[in-house]
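Trainee:
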Amino acid sequence: MDIVVPESQLDLAPPLTVARPLRQTTPIVFVSAHSGRRYPRAFVASARLDPLSLRRSEDSFVEELFADSPSHGAPLLSANFPRAYCDANREAWELDPTMFEDTLPAWVNTTSSRVSAGLGTIARVVATGEAIYHGRLRFAEAERRVRECWQPFHDTLTALVEGTRASFGACLVVDCHSMPANGGGRGGDIVLGDAHGTSCGPGVMRAVEQALTGLGYSVRRNDPYAGGFITR
């Protein structure tokens, strides 16, 4: 069975929220890409999972944990659309060809480890491994989700980063997530990911780690989370 989702069904608007300080006083931009929980009705209707099961991919309420960012002089960008619908922490076109009725264009990334795991830009499964859809989608549906969700999110992030760099000469993007309590953190309260030393300087990591351990938290680096597309 193929799935055709009406183009006029998007009831997510707006796809994102930016909480801004009255005046930005620090060169930091906070991001919550996976805490969105506005599920389009047509998406829920097309899914084989119940609404609660669809939420297993969420980093629920992370935007609330960082809601005080503006009071500390930093903006907070949050996705309102859910990760199970469109994942902003992926390249725009990380797609699993087995999900689609159409043959995907040659420029689509079909071979990343995230696609293989079923967790591409348009996910095949939720975080716990259950399949989302009864059948296959049309590529036009992926195009629409990228156009209406992914692109505005990243356009806004780019503008925030460029504005911060213009004001301060540098910008630190802090991409905020949660992790399962059942061993996902492998013993750490907080995991700091710097893409194994490629997404920020060692001095930044060292300073953040020291600040967190000074507050009594146990901290791990890059294990099991090194960071996704947003910080790369």
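Start counting the sequence shown at 0; every next residue gets the next number (numbering that gives the first Met the number 0).
Ideal Cβ positions, reconstructed from N, Cα and C, are used throughout, including at glycine.
Can you have a look at residue 233 and say buried or exposed, based on whether 16 or more other CB atoms are within 10 angstroms of its CB?
Mentor: Residue 233 lies beyond the range of the chain shown here (0 to 231); nothing can be said about it.
Trainee: Assign residue 42 to one of three DSSP states: helix, strand, or coil.
Mentor: Three-state DSSP puts residue 42 in a helix.
Trainee: Please report the straight-line C-alpha distance between residue 14 and residue 111, rounded to a whole angstrom.
Mentor: Those two C-alpha atoms are separated by around 26 Å.
Trainee: Three-state secondary structure (DSSP) at residue 27?
Mentor: Here residue 27 sits in strand by DSSP.
Trainee: Can you give me the C-alpha to C-alpha distance between residue 130 and residue 48, rounded to a whole angstrom?
Mentor: Taking the straight line joining both Cα atoms gives about 8 Å.
Trainee: According to DSSP, is residue 135 helix, strand or coil?
Mentor: It is a strand residue.
Trainee: Going by the beta-carbon positions, is the gap between residue 194 and residue 225 smaller than 8 Å?
Mentor: Contact: yes.
Trainee: Quick check on the DSSP output: the alpha helix (DSSP H) that includes residue 165 runs from which residue to which?
Mentor: Per DSSP, residue 165 belongs to the alpha helix (DSSP H) from 150-167.
Trainee: Which residue's Cα is closest to the Cα of residue 27: 50, 79, 68, 54?
Mentor: Measuring from the Cα of residue 27, the nearest candidate turns out to be 68.
Trainee: Which residues in the same chain as residue 16 place their Cβ atom closer than 7 Å to its Cβ, once the five residues preceding and following it in sequence are excluded?
Mentor: Excluding positions up to five away in sequence, the list reads 77, 79.
Trainee: Between the segment 211-224 and the segment 82-101, do three or more beta carbon pairs fall short of 8 Å?
Mentor: The segment 211-224 vs the segment 82-101: no contact.
Trainee: Taking 8 Å as the CB-CB cut-off, is residue 56 touching chain D?
Mentor: Absence of chain D from the displayed structure is noted, only one protein chain being present.
Trainee: Do you know offhand how far residue 82's Cα is from residue 34's?
Mentor: Cα to Cα, residue 82 sits roughly 8 Å from residue 34.
Trainee: With residue 232 and residue 228 assumed to form a contact (beta carbons below 8 Å), what rounded beta-carbon distance in angstroms separates them?
Mentor: Residue 232 lies beyond the stretch modelled for the chain, which goes from 0 to 231, so this question has no answer here.
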